[in-house]
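Novice: Dumping the structure here so I can ask a few things about it.
Take a look at the structure:
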């Protein structure tokens with residue numbers, strides 16, 4: 253376990269000694285800020301219109317601002333996360349430091365979990381930026397905190413899944429651009445898999461759509477924790493990390 | 008300390024290491040010599056558990072590299088060909104990271120880091136970011152990394168490559184100072200390095216061991232026949248040649264052109280004859296000037312070149328003979 257923390261700590265430090273951490277946090281802050289701005293403007297305008305029209309149905313901040321904002325954030329995550337995961341192993345392979353890790357008295361799974369946790373920590377730091385906007389909502393409104401919490405849980409699970417996939421892809425190449433690009437393509441594909449179900453009712457189409465990452469996120473953003481979504485994300489994370497360990501092992505055999 | 012038996016490593020297309028066997032005793036410094044691509048690095052990677060062997064066995068300190076790889080890894084310090092450093096880290100934080108990986112107890116880490124910095128001569132730059140260091144310093148950081156857990160076995164892949172002559176000497180001195188406590192395998196293609204710092208040499212070519220012996224024994228490999236280069240002035244060449252041929256124990260004399268028009272001769276002795284004193288006397292007695300008399304005992308370089316000649320070379324006969332003999336020695 254100590255080894256996991258050692259490697260995790262080193263990864264976090266690597267992110268923050270390079271510009272990538274700050275760049276990603278800034279980009280996410282900017283994009284999320286824009287979402288927040290747009291969503292609140294729409295919300296406020298809509299609210300005014302409702303009042304002028306004499307209607308008196310209360311509008312929910314959660315429904316109008318937070319849910320769409322978190323939904324957008326999950327899409328942005330798909331774009332940003334490959335930038336976090338691409339270097340995990342590709343960089344070590346290129347610079348030869350992988351030899352240090354693999355000839356140290358450390359088990360493969362300790363390396364993998366350590367690196368994945370390090371990347372998760374980076375992702376959490378990025379997500380934390382969005383807390384600023386959410387805090388603003390709490391300062392001037394009374395949103396329900398429970399759907400916010402589940403929404404973040406969903407974002408974390410979804411991020412973990414994409415990171416696990418990205419970690420695996422990063423072990424297959426020594427080129428970071430290839431690792432990042434491939435991860436991005438795979439994530440994009442996993443996102444749009446859900447389209448299949450919209451034009452096909454067959455069971456296989458439903459099964460394919462089930463593998464879509466984003467469809468499992470939606471319930472979370474609405475405040476619903478469904479076991480089937482939890483199971484999906486957690487098993488996807490396991491699958492990604494398992495493939496990573498197989499890939500790392502095969503490195504030894506292929507050299 | 009290190010035992011390799013029938014080790015073979017096959018990659019998809021070619022055999023990198025073919026059925027090699029050798030042993031290294033406690034405290035020995037063994038030089039791994041071979042051309043690029045001869046299989047040195049592959050062998051080292053197997054010993055450090057980075058690559059598993061295709062067949063055969065290897066063990067370090069009694070632990071098998073496959074079955075008990077964690078135990079092996081604890082006992083090995085490894086410097087790969089390119090030092091495995093993270094350019095964005097400072098030396099101290101890098102070494103602290105490695106120390107943790109190698110399982111050094113937290114309380115001892117700072118002390119060990121200071122010790123290896125001192126030992127490898129990077130104490131004065133230890134707060135520098137590794138990416139800003141010169142190649143020589145980076146190599147030292149690599150060495151420090153290999154030493155941090157004070158391992159009984161050190162495996163150094165070309166520890167002096169890319170260093171300037173001054174740094175090379177320092178590195179060699181450092182390695183020599185480590186002998187005794189540590190068993191060391193180092194690879195190189197600098198032959199003088201092996202002669203200076205290694206007790207034993209393993210010459211490897213096309214994945215096979217072609218010679219495995221002490222440096223002294225390799226020098227005398229050719230048996231007791233002596234070859235001497237003589238340069239003489241002050242007389243007609245054929246007369247001198249005849250005089251040299253008359254010396255007792257001389258098997259053959261070949262005349263050649265020396266420097267500045269001097270007569271030069273390559274004299275080969277019969278087995279078990281020391282002919283140099285008699286050669287000198289014969290020349291002086293003939294009234295000529297003896298400019299040079301040099302034994303042409305095979306240098307390690309010549310042995311190396313001969314043993315690692317590619318198979319397409321002209322004298323294939325000799326080539327096939329040598330490995331067969333030396334293979335016997337190796338086992």
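Residue numbers (the numbering used here), protein chains in the order written: chain F, 253 to 507; chain Z, 8 to 338. All C-beta atoms in this analysis are idealised placements derived from N, C-alpha and C, irrespective of residue type, glycine included. None of these values were measured; they are calculated from a predicted model.
1) If I follow the unbroken alpha helix (DSSP H) through residue 384 of chain F, where does it start and stop?
2) Mind checking if residue 352 of chain F is an interface residue toward chain Z, Cβ cutoff 8 Å exclusive?
3) Using beta carbons (cut-off 8 Å, strictly below), is residue 144 of chain Z in contact with chain F?
4) Flag this pair as yes or no: are the beta carbons of residue 480 of chain F and residue 399 of chain F separated by less than 8 Å?
5) When you check each C-beta in the stretch 337–369 of chain F against every C-beta of chain Z, which residues fall closer than 7 Å?
6) Using the beta-carbon count (16 or more within 10 Å), is residue 368 of chain F buried or exposed?
7) What does DSSP give as the partner residues of residue 240 of chain Z in its beta bridges?
8) In angstroms with no decimal places, state the Cα-to-Cα distance between residue 14 of chain Z and residue 323 of chain F.
9) Could you tell me which residues DSSP puts in a beta bridge with residue 164 of chain Z?
10) Less than 8 Å between CB atoms is the rule here; does residue 426 of chain F satisfy it with respect to chain Z?
11) Taking the Cβ atom as the reference point for each residue, do residue 49 of chain Z and residue 83 of chain Z lie within a distance shorter than 8 Å?
12) Name the residues in the stretch 258–281 of chain F whose C-beta lies less than 7 Å from a C-beta of chain A; which are they?
13) Just the Cα atoms here: how many angstroms apart are residue 254 of chain Z and residue 12 of chain Z?
14) Hey, does residue 107 of chain Z have any beta-carbon neighbour from chain F nearer than 8 Å?
15) Which whole-angstrom value is the C-beta distance of residue 153 of chain Z and residue 163 of chain Z, which I expect to be below 8 Å?
16) Could you spell out the range, first to last residue, of the beta strand (DSSP E) harbouring residue 84 of chain Z?
17) Is it right to say residue 293 of chain F is buried, meaning 16 or more other beta carbons lie within 10 angstroms of its own, or is it exposed?
18) Give the DSSP-derived three-state secondary structure of residue 321 of chain Z in the structure shown.
19) Output needed for residue 409 of chain F: all residues of its chain with C-beta closer than 6 Å, excluding positions within five of it in sequence on either side, in chain order.
20) What would DSSP say about residue 481 of chain F, mapped onto helix, strand or coil?
21) Could you check what DSSP says for residue 474 of chain F in three-state terms: helix, strand or coil?
22) Could you say if the stretch 416–436 of chain F and the stretch 326–343 of chain F meet the contact criterion of at least three C-beta pairs nearer than 8 Å?
23) Taking the continuous alpha helix (DSSP H) assigned at residue 458 of chain F, which residues delimit it?
24) With 8 Å as the threshold, decide whether the Cβ of residue 504 of chain F is near any Cβ in chain Z.
25) In this structure, does DSSP put residue 280 of chain Z in helix, strand or coil?
26) Which residues bound the alpha helix (DSSP H) around residue 68 of chain Z?
27) For residue 139 of chain Z, which residues of its own chain have a beta-carbon under 7 Å away from its beta-carbon, when the five flanking residues on both sides are left out?
28) Note down, in chain order, every chain Z residue with its Cβ under 9 Å from the Cβ of residue 255 of chain F.
Specialist: With the structure as the only source:
1) Residue numbering aside, residue 384 of chain F sits at position 132 when the first chain is read from its first letter. Boundaries of the alpha helix (DSSP H) harbouring residue 384 of chain F: 360–392, taken from the DSSP string.
2) For this step, residue 352 of chain F is matched to residue 100 along the first chain. Closer than 8 Å to some Cβ of chain Z, the Cβ of residue 352 of chain F qualifies, so yes.
3) Numbered from its first residue, the second chain carries residue 144 of chain Z at position 137. Chain F contact via Cβ: absent.
4) Position 228 of the first chain, counting from 1, holds the residue named residue 480 of chain F. Position 147 of the first chain, counting from 1, holds the residue named residue 399 of chain F. Contact flag unset, no.
5) Listed by position along the chain: 348, 349, 351, 352, 354, 355, 356, 357 and 358.
6) As a position in the first chain, residue 368 of chain F is number 116, starting the count at 1. So residue 368 of chain F ends up on the buried side.
7) Against the second chain, residue 240 of chain Z aligns to sequence position 233. According to DSSP, residue pairing for residue 240 of chain Z in a beta bridge involves Z:296.
8) As a position in the second chain, residue 14 of chain Z is number 7, starting the count at 1. As a position in the first chain, residue 323 of chain F is number 71, starting the count at 1. Roughly 57 Å between the two C-alpha positions.
9) Mapped onto the second chain, residue 164 of chain Z falls at position 157. Z:194.
10) Counting from 1 along the first chain, the entry for residue 426 of chain F is found at position 174. Contact with chain Z is absent for residue 426 of chain F, since none of that chain's Cβ atoms lies less than 8 Å from the residue's Cβ.
11) Translated into the one-based positions of the second chain, residue 49 of chain Z becomes position 42. Translated into the one-based positions of the second chain, residue 83 of chain Z becomes position 76. No.
12) The chain labelled as chain A is not found among the protein chains of the depicted structure, namely F and Z.
13) For the purposes of this step, residue 254 of chain Z is taken as residue 247 along the second chain, with counting starting at 1. For the purposes of this step, residue 12 of chain Z is taken as residue 5 along the second chain, with counting starting at 1. The alpha-carbon separation between residue 254 of chain Z and residue 12 of chain Z amounts to approximately 50 Å.
14) Taking the first residue of the second chain as position 1, residue 107 of chain Z is located at position 100. Closer than 8 Å to some Cβ of chain F, the Cβ of residue 107 of chain Z qualifies, so yes.
15) Residue mapping note: residue 153 of chain Z aligns to position 146 of the second chain, counting from 1. Residue mapping note: residue 163 of chain Z aligns to position 156 of the second chain, counting from 1. Between residue 153 of chain Z and residue 163 of chain Z the beta-carbon gap is near 7 Å, inside 8 Å, which marks them as a contact.
16) Stepping through the second chain from its first residue, residue 84 of chain Z is reached at position 77. Looking at the DSSP string, the run of the beta strand (DSSP E) that includes residue 84 of chain Z is 83–86.
17) Within the first chain, residue 293 of chain F is the residue found at index 41, counting from 1. Counting Cβ neighbours within 10 Å, residue 293 of chain F comes out exposed, since fewer than 16 surround it.
18) Here the question's residue 321 of chain Z lines up with position 314 in the second chain. Only weak support exists for where residue 321 of chain Z lies, its pLDDT of 41 falling under 50; the value from the coordinates is given anyway. Coil.
19) Reading the first chain from its first residue, position 157 is the one you call residue 409 of chain F. Correct list, in chain order: 485.
20) As a position in the first chain, residue 481 of chain F is number 229, starting the count at 1. Residue 481 of chain F: helix per DSSP, three-state reduction.
21) Position 222 of the first chain holds residue 474 of chain F. Shown here, residue 474 of chain F sits in coil according to DSSP, grouped into three states, outside any helix or strand.
22) Contact annotation: the stretch 416–436 of chain F touches the stretch 326–343 of chain F, with at least three C-beta pairs closer than 8 Å.
23) Stepping through the first chain from its first residue, residue 458 of chain F is reached at position 206. Counting along the chain, the alpha helix (DSSP H) containing residue 458 of chain F begins and ends at 455–462.
24) The sequence position of residue 504 of chain F within the first chain is 252, counting from 1. At least one CB of chain Z lies nearer than 8 Å to the CB of residue 504 of chain F.
25) Against the second chain, residue 280 of chain Z aligns to sequence position 273. Coil at residue 280 of chain Z, not helix or strand.
26) Residue mapping note: residue 68 of chain Z aligns to position 61 of the second chain, counting from 1. No alpha helix (DSSP H) holds residue 68 of chain Z; DSSP gives it neither H nor E.
27) Numbered from 1 along the second chain, position 132 holds the residue referred to as residue 139 of chain Z. Same-chain partners within the cutoff: there are none.
28) By 1-based counting over the first chain, the position of residue 255 of chain F is 3. Residue 255 of chain F reaches chain Z at 107, 108 and 110, counting residues in chain order whose Cβ is nearer than 9 Å.
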